[in-house]
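Peer 1: The working numbering applies: residue 940 is where the first sequence begins, and numbers increase by one.
This is the structure I have questions about; it appears just below.
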Amino acid sequence: MEWADELAARVSGPQVVNDSKTPSGTIHVGSLRGPVILDVVARALRAAGRETTLLYGIDDLDPMDAQALLTPDAVEREMGRPLAHIPDQAGDGHSSYARHHAQVFIDTFAGLGIKPDRYYWMSEHYAAGDMDPYIKVALDRAAIVREVYQRVANVRHPDTWHPISVICPTCGRVGTTIVTKWDGEKVFFECRPDLVTWAKGCGSSGWVSPYGGAAKLPWNLEWAAQWSLFGVTIEPCGKDLATAGGSRDRSDAIAREVFEREPPINVPYEFLNIGGKKMSTSKGRGTPAHLIAEVLPPEQLRFLFLRPRPNQAIEFDPDGTDAIPRLFDEFDRLGAAVAGRDVKGELPAGFAAVFGYSLLDPTADYEVEAARFRPPFGHLAVLAQVPGVDIGVAMAAEKGSPLDTAERAILDERLRAVRGWLDTFAPESARMEVRATLPEGVATLAPEERGFLGALAEKAPAAGSDGETWQSAIFTTASSRELPAGRAFKALYAAFLGRPNGPRAGWLLASLDRSFVVERLREAAAGATLPA
RNA sequence: GGGCCCGUAGCUCAGUGGCAGAGCAGGGGACUUUUAAUCCUCGUGUCCUGGGUUCGAAUCCCAGCGGGCCCUCCA
């Protein structure tokens, strides 16, 4: 976490940290890295005693450009119109499409402990006239803007091109209009049917005032104007924008040369790759993003993003691997170290900060949080699969004292994660189920191991016996036949689960129907699958 | 064509000028009641390749190779 603390140490004076997003659709897990970094920058600044404002913008005057996100009957009517002007497709009470989708990510951010001091809506700032001064400067300096595009991004616009998009007074589209003249008060616009492929303009044209929400700046200018309007001093952005000649370069140049203000400090960050693939909401390639959020609680998700430096791509492959259990284990290991317990292995630099910034609550005492009992994910994954186990009791026993309220909440959260993981990503080797038929592996059991199974069938406790009773029956039967306990358990797991190990065998057998258990023990003792 | 990131043990990654390291996985062992718990133990690797600088390079420089993402429009 040195990067955030170093940044905080480098700046002086009050800081405004900003990011903004177009509320065009659902967000995927990878796109949460930016907000988490943003939040940590703000937390680090505050920890360093800097007065800090965290802003998050909703670019809701941007045009709708993806018809997949609209209901079929709405496509022709709505494509190209500002998101803020499109009705909520979900029909769940939001005033617009933009409000609906913005609410999804506001809620998602809150769930991750990210609470900006203020969300701002660009449609409101345009309507209120706050953007008018920047619109005027951009139009007055259109030639400079064109030159910047040419020089920085190698994009050549016609000499009549002006950096503004009028919201067509006739059809309401913003993505289809082009402005060719500016007389100092009004612009001449055309709403062209063929300007973009994804939306069709209505063909009207005329002179209109660009002020008061009648028009919107193009992306790069709007970005730079936001910096001036809000006094932004730090703004991270993803590497898709941060590439040379890319969006950030253009906006930086526009900030300097058109709006005459130094752009904010950038914190470029890499993406999250799932199973070597870029996150994609539409392609269905790799792992569906929303599943990860269901399986990873907020603190572990924050931890996933914060462990590496921002400029490192994160390779995360949860599908059929132990990546998720290991993420929990590493989180717990850092927590244990913060709490002053001995831990195995080396600790990464700044581990206490990584742990602290991963916590949901920015005001939490991270040493107190670190000291809490956190049930090991792998252990829970086993217990969750054994019927009849009271996991709360088992975890209290493991801790050595009853769980407090916070620890109980952690346990519940992890149990949900464990169950989700077992249903989705967990490798077969993590799943265990009592086999319906005798597993083939019993054929490889030694004669004395099979003998033990047969003997246990004869000494099986009465129906309704508890796990304790079964467990002691296993031990006494094994020792009476001078079979080491380890081999006795191995034989039991082979007979019931078809694997060499498993959960506590006594409790497992107690959870099953007694006659089934006895029958299976006899079959296994016979050493072969009985004819059907 | 350009930019950024990565390339070190089976996997995930530390180490960024001074004897190649951890975690996990895997092997071996201990433990007659927390048997997927816990404890002990085991690392011969083209540090991607080739040059260069240096007393000394995984580390710095140059040139490559491989992988990933991005760079047109839109945002």
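In this text, a Cβ means the ideal position worked out from N, Cα and C, and glycines have one as well.
Residues in the same chain with beta-carbon distance under 6 Å from Ser-1219, minus the five sequence neighbours each way, listed in chain order, please.
Peer 2: For this step, residue 1219 is matched to residue 280 along the first sequence. Summary for Ser-1219: the model assigns pLDDT 48, below 50, so the residue's position carries little reliability; its value from the coordinates is reported in the next sentence. None.
Peer 1: For Glu-1129, name the three-state secondary structure that DSSP assigns.
Peer 2: What you label residue 1129 is simply residue 190 of the first sequence in a count that begins at 1. In this structure, Glu-1129 counts as strand in the three-state DSSP scheme.
Peer 1: Is the separation between the beta-carbon of Val-1091 and that of Arg-1189 shorter than 8 Å?
Peer 2: Walking along the first sequence from the start, residue 1091 turns up at place 152. Walking along the first sequence from the start, residue 1189 turns up at place 250. Yes. Within cutoff.
Peer 1: What residue from Leu-1350, Asp-1256 and Leu-1240 has the CA that sits closest to Tyr-1296's CA?
Peer 2: Position 357 of the first sequence, counted from the first residue, corresponds to residue 1296. Checked all of Leu-1350, Asp-1256 and Leu-1240; the closest Cα to Tyr-1296 is Leu-1240.
Peer 1: My understanding is that Val-1234 touches Ile-1263, with C-beta atoms under 8 Å, so please give their C-beta distance in whole angstroms.
Peer 2: Start at 1 with the first residue of the first sequence, and residue 1234 comes out as number 295. Start at 1 with the first residue of the first sequence, and residue 1263 comes out as number 324. Confirmed, Cβ separation roughly 6 Å.
Peer 1: Since Tyr-1472 is in the alpha helix (DSSP H), which residue starts that stretch and which ends it?
Peer 2: For residue 1472 there is no data in the structure shown, the boundaries of the chain being 940 and 1471.
Peer 1: Confirm, please, whether the CB-CB distance from Ala-1399 to Val-1456 is below 8 Å.
Peer 2: Taking the first sequence and counting its residues from 1, the one referred to as residue 1456 is at position 517. Taking the first sequence and counting its residues from 1, the one referred to as residue 1399 is at position 460. Against a cut-off of 8 Å, the Cβ pair of Ala-1399 and Val-1456 comes out as a contact.
Peer 1: May I ask you to report which of helix, strand or coil DSSP gives Thr-1220?
Peer 2: By 1-based counting over the first sequence, the position of residue 1220 is 281. In this prediction, Thr-1220 has a pLDDT of 44, which is less than 50 and means its spatial position is unreliable; nothing more can be read from the coordinates.
Peer 1: Can you tell me whether DSSP reads Leu-1156 as helix, strand or coil?
Peer 2: Sequence index remark: in the first sequence, residue 1156 carries index 217 (1-based). DSSP places Leu-1156 in coil when its eight states are reduced to three.
Peer 1: So, do the region 1301-1321 and the region 1268-1276 have three or more beta carbon pairs nearer to each other than 8 Å?
Peer 2: Touching, yes.
Peer 1: With DSSP as the reference, label Trp-1060 as helix, strand or coil.
Peer 2: Locating residue 1060 in the first sequence gives position 121, counting from the first residue. Of the three classes helix, strand and coil, the one that applies to Trp-1060 here is strand, per DSSP.
Peer 1: Could you spell out where the alpha helix (DSSP H) holding Glu-1238 opens and where it closes?
Peer 2: Working through the first sequence from its first residue, we reach residue 1238 at position 299. Element bounds for Glu-1238: 1237-1245.
Peer 1: So, for Thr-1099: in the same chain, excluding its five sequence neighbours on each side, which residues have a beta-carbon less than 8 Å away from its beta-carbon?
Peer 2: Residue 1099 sits at position 160 when you count from the first residue of the first sequence. Within the same chain, Thr-1099 has close Cβ partners Thr-1119 and Lys-1120.
Peer 1: Roughly how many angstroms lie between the CA atoms of Leu-1000 and Pro-962, to the nearest whole one?
Peer 2: Position 61 of the first sequence, counting from 1, holds the residue named residue 1000. Position 23 of the first sequence, counting from 1, holds the residue named residue 962. Roughly 10 Å separates the two Cα atoms.
Peer 1: I need the straight-line Cα distance from Thr-1010 to Ala-1041, nearest angstrom please.
Peer 2: Your numbering for residue 1010 matches position 71 in the first sequence. Your numbering for residue 1041 matches position 102 in the first sequence. Spanning the two alpha carbons is a distance of roughly 18 Å.
Peer 1: So who's on the other strand from Gly-996, going by DSSP bridges?
Peer 2: Mapped onto the first sequence, residue 996 falls at position 57. For Gly-996, which the question treats as bridged, DSSP gives the partners Ser-959 and Tyr-1059.
Peer 1: Skipping 5 residues on each side, what residues in its chain have a beta carbon closer than 7 Å to that of Val-979?
Peer 2: Here the question's residue 979 lines up with position 40 in the first sequence. Hits under 7 Å: Ala-943, Leu-1245 and Tyr-1296.
Peer 1: Between which two residues does the beta strand (DSSP E) carrying Tyr-1208 extend?
Peer 2: In the first sequence, residue 1208 corresponds to position 269, counting from 1. Counting along the chain, the beta strand (DSSP E) containing Tyr-1208 begins and ends at 1204-1208.
Peer 1: Sorted by chain position, which residues of the same chain lie with C-beta nearer than 7 Å to Ala-1417's C-beta, five sequence neighbours on each side aside?
Peer 2: Residue numbering aside, residue 1417 sits at position 478 when the first sequence is read from its first letter. Closer than 7 Å at the Cβ level, and outside the excluded window around Ala-1417, lie Phe-1391, Ala-1424 and Ala-1427.
Peer 1: What are the boundary residues of the alpha helix (DSSP H) that Trp-1360 is part of?
Peer 2: Position 421 of the first sequence holds residue 1360. Here the alpha helix (DSSP H) through Trp-1360 covers 1344-1362.
Peer 1: Identify, in the order they occur along the chain, each residue of the same chain with its Cβ nearer than 7 Å to the Cβ of Glu-1196, setting aside the five sequence neighbours on each side.
Peer 2: Within the first sequence, residue 1196 is the residue found at index 257, counting from 1. Answer for Glu-1196: Ile-1083 and Val-1087, listed in chain order.
Peer 1: How many angstroms separate the CA atom of Trp-1146 from the CA atom of His-1039?
Peer 2: Within the first sequence, residue 1146 is the residue found at index 207, counting from 1. Within the first sequence, residue 1039 is the residue found at index 100, counting from 1. Going by the C-alpha atoms only, they are around 33 Å apart.
Peer 1: Report, in whole angstroms, the separation of the C-beta atoms of Ala-1023 and Ala-987, which I expect to be a contact under 8 Å.
Peer 2: Translated into positions along the first sequence, residue 1023 becomes position 84. Translated into positions along the first sequence, residue 987 becomes position 48. With a Cβ gap of about 37 Å, Ala-1023 and Ala-987 do not count as contacting.
Peer 1: Are the CB atoms of Lys-1155 and Ile-1106 nearer to each other than 8 Å?
Peer 2: Indexing the first sequence from 1 puts residue 1155 at position 216. Indexing the first sequence from 1 puts residue 1106 at position 167. Yes; because the gap between Cβ atoms is below 8 Å, this pair is in contact.
Peer 1: Give the range of the alpha helix (DSSP H) segment to which Gly-1445 is assigned.
Peer 2: One-based indexing of the first sequence puts residue 1445 at position 506. It spans 1444-1449 - the alpha helix (DSSP H) in which Gly-1445 sits, taken as one unbroken run.
Peer 1: Is the beta carbon of Gly-1151 sitting closer than 8 Å to the one on Gly-1259?
Peer 2: Indexing the first sequence from 1 puts residue 1151 at position 212. Indexing the first sequence from 1 puts residue 1259 at position 320. Against a cut-off of 8 Å, the Cβ pair of Gly-1259 and Gly-1151 comes out as no contact.
Peer 1: Are Thr-1182 and Val-950 closer than 8 Å when you measure CB to CB?
Peer 2: As a first step, residue 1182 must be located in the first sequence, where it is residue number 243. As a first step, residue 950 must be located in the first sequence, where it is residue number 11. Not in contact: Thr-1182 and Val-950 (Cβ atoms no closer than 8 Å).
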